[in-house]
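Just so you know, we're using the working numbering here: the sequence shown kicks off at 55 and counts up by one. One structure below.
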Amino acid sequence: MNSDTIIALSTPPGVAALAIIRLSGTQSRAIIDQLLSPVAWVPATAVYRTLKYRDEILDDAVLTFWQSPNSYTGEDTVEISCHGNPHIVEKILRACLELGARTARPGEFTQRAYLNNKLSLTQAEGLLDLLYAPTERALASARAMKEGKLGHALEAVRAELIDLLSHLEASLDFAEEGIEPHVGPEFTARVEQVRAQIEKLLRTAPLGRILQEGALTIIVGEPNVGKSSLLNALLREDRAIVAPTPGTTRDWIEAPCNVRGLPLRLVDTAGQRDSTDPVEIEGNRRARALLPKAQLLLHVVEAHQLFVSTKIELPENIPSLLIANKSDLGRHTSLPVNAISLSAKTGEGLADLETRIEEALLADMGHESGTVLTINARQNSTLQRATQSLDQALEALRNTTGLEIVSIELRDALHDLAEVIGETDNEDILTRLFQNFCIGK
Ligand SMILES: Nc1nc2c(ncn2[C@@H]2O[C@H](COP(=O)(O)OP(=O)(O)OP(=O)(O)O)[C@@H](O)[C@H]2O)c(=O)[nH]1
Ligand SMILES: [Mg+2]
Numbered sequence: 055m056n057s058d059t060i061i062a063l064s065t066p067p068g069v070a071a072l073a074i075i076r077l078s079g080t081q082s083r084a085i086i087d088q089l090l091s092p093v094a095w096v097p098a099t100a101v102y103r104t105l106k107y108r109d110e111i112l113d114d115a116v117l118t119f120w121q122s123p124n125s126y127t128g129e130d131t132v133e134i135s136c137h138g139n140p141h142i143v144e145k146i147l148r149a150c151l152e153l154g155a156r157t158a159r160p161g162e163f164t165q166r167a168y169l170n171n172k173l174s175l176t177q178a179e180g181l182l183d184l185l186y187a188p189t190e191r192a193l194a195s196a197r198a199m200k201e202g203k204l205g206h207a208l209e210a211v212r213a214e215l216i217d218l219l220s221h222l223e224a225s226l227d228f229a230e231e232g233i234e235p236h237v238g239p240e241f242t243a244r245v246e247q248v249r250a251q252i253e254k255l256l257r258t259a260p261l262g263r264i265l266q267e268g269a270l271t272i273i274v275g276e277p278n279v280g281k282s283s284l285l286n287a288l289l290r291e292d293r294a295i296v297a298p299t300p301g302t303t304r305d306w307i308e309a310p311c312n313v314r315g316l317p318l319r320l321v322d323t324a325g326q327r328d329s330t331d332p333v334e335i336e337g338n339r340r341a342r343a344l345l346p347k348a349q350l351l352l353h354v355v356e357a358h359q360l361f362v363s364t365k366i367e368l369p370e371n372i373p374s375l376l377i378a379n380k381s382d383l384g385r386h387t388s389l390p391v392n393a394i395s396l397s398a399k400t401g402e403g404l405a406d407l408e409t410r411i412e413e414a415l416l417a418d419m420g421h422e423s424g425t426v427l428t429i430n431a432r433q434n435s436t437l438q439r440a441t442q443s444l445d446q447a448l449e450a451l452r453n454t455t456g457l458e459i460v461s462i463e464l465r466d467a468l469h470d471l472a473e474v475i476g477e478t479d480n481e482d483i484l485t486r487l488f489q490n491f492c493i494g495k
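And the structure:
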């Protein structure tokens, strides 16, 4: 199936100091040999050569040969490091295509690595996350996945499940010989333990989602309290218009923001007040419509003014932080003690606010400190299914409804674990995953 040799540009298109083109497959060395004077290839050793095709000089390039199985894909691979001019890249690609290579599909190098057992499915997922990780924390999580931490955790759970199943099957075999099948309370305890281990992984899913997508964090409050100033302060960038006129912000503004390694989708909204201006009414409506989708609300009031708690209705089920801005103008005694003092103008209290944002988000997700590895949406839904099977098995054990049911449910759970790990013939999963990579990876 993989007898063809694939080629792609692995660096971004456009002008750059260098460009790297990768060839992978049995013919990669034979193809490249036709572009240069004879080379005695030594694996993992770079050579410097002029590339020529049909008497035309293509470029001077550094070439590295990686011999199967010691390459990224597990196949013979040649990496061409040439000058980063799109015309040069185009000429080299075209020459190799004419000599028998074919253009790689997105993620095809990594797909071949997976098919050649160079990395597992969860490691490939970690690699994809690594390429797109928006913050340090997201990077650490992706790295843990890429290093195979999830795979290892699940292998241990799986070994235990297999052991439990073999006990059970042995007991069911006795039944055929007229001996009543029996598993003790210790068996149930072990199934519960397996369930708890999967549950622990499941608890990391909300953080995993935030690390990939960002936590929708919405700044709300009355006009002129300093919402746009707060957005700018958190971004450390002059992003939104700030003016002394109430009603400055009309449309809501979204910007990616990094708070202590947590990616936020930070949103500034129009100040909430009764108005007759149709544009302002619409701005207010849009801001309110957005609130229920938030993961965190930053409710801004003015520190030096009398605090009235009921002026703005916030959805109750969403965590919110009360921020007393303009603290440089004083702090009114009516403010609740938990209101965070801040001056968007001087920056005082900003670090404290960032700590509180981090704490609020992690607490809301039930995050256990020290956990780096997080699971993604695919792993989450399959592991959810596994716990449902284990729940059914536990239910059957409690009601002694029949050990055959327990056996079926444990097998289903095992099947789900195998699917997460990647021992699956589910083409859909593979196609969907590798499509998300860029061409050349
Ligand atoms: N003294 C002081 N002034 C501030 C502070 N933050 C904002 N301001 C001023 O308050 C005014 C309103 O600030 P904005 O950030 O535009 O307020 P807003 O809440 O976005 O206002 P709308 O968009 O109209 O709802 C501007 O004149 C700011 O310079 C602060 O911490 N201290
Ligand atoms: Mg504003």
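Beta carbons are placed, not taken as given, at the ideal position from N, Cα and C, and that holds for glycine.
Assigned secondary structure, residue i (DSSP; H/G/I helix, E/B strand, else coil)
i: R156; result: strand
i: L457; result: helix
i: M55; result: Since pLDDT at M55 reaches only 47, below the 50 mark, its modelled position is unreliable, and the value read off the structure follows with that caveat. Coil at M55, not helix or strand.
i: A269; result: strand
i: I111; result: strand
i: I483; result: helix
i: L316; result: strand
i: T131; result: strand
i: D292; result: coil
i: H421; result: coil
i: L90; result: coil
i: G27; result: The requested residue 27 is not part of the displayed model; the chain covers only 55 to 495.
i: I146; result: helix
i: Q340; result: Looking at the sequence shown, residue 340 is not Gln but Arg. If DSSP states are grouped into helix, strand and coil, R340 belongs with the helices.
i: S283; result: helix
i: G262; result: helix
i: I366; result: coil
i: N550; result: There is no way to answer for residue 550, as the model of the chain reaches only from 55 to 495.
Paired residues, beta bridge with residue i - DSSP
i: Y102; result: V116
i: E308; result: V321
i: V354; result: G275 and I377
i: A73; result: C136
i: P394; result: In the sequence on display, residue 394 carries Ile and not Pro. Note: I394 sits in a beta bridge opposite I377.
i: I61; result: L77 and T157
i: T330; result: T330 pairs with nothing; no bridge assigned.
Between the CA atoms of residue j and residue i - distance to the nearest angstrom
i: Q489; j: G161; result: 6 Å
i: L350; j: A357; result: 21 Å
i: I493; j: I75; result: 11 Å
i: G79; j: R340; result: 54 Å
i: E336; j: R342; result: 10 Å
i: A224; j: L451; result: 16 Å
i: Q438; j: I429; result: 12 Å
i: A405; j: T441; result: 40 Å
i: P92; j: A269; result: 56 Å
i: P298; j: A417; result: 36 Å
i: A98; j: W120; result: 5 Å
i: V116; j: S122; result: 20 Å
i: L89; j: Y107; result: 6 Å
i: G154; j: V132; result: 14 Å
i: A243; j: V355; result: 52 Å
i: D58; j: R159; result: 12 Å
Short CB-CB distance (under 8 Å) between residue i and chain D
i: E179; result: No chain D appears in this structure, which consists of one protein chain only.
CB-CB length for residue i against residue j, believed under 8 Å
i: A192; j: L265; result: 4 Å
i: L181; j: K200; result: 5 Å
i: L208; j: L471; result: 6 Å
i: T127; j: R166; result: 4 Å
i: L396; j: L407; result: 6 Å
i: N379; j: V279; result: 6 Å
i: T271; j: L318; result: 5 Å
i: E412; j: V313; result: 6 Å
Residue i vs residue j beta-carbon contact at 8 Å
i: I366; j: H353; result: yes
i: A309; j: R290; result: no
i: L151; j: L464; result: no
i: M419; j: P260; result: yes
i: R304; j: A287; result: no
i: D217; j: I273; result: no
i: I134; j: I146; result: yes
i: L444; j: V211; result: no
i: V248; j: E214; result: yes
i: A70; j: C136; result: no
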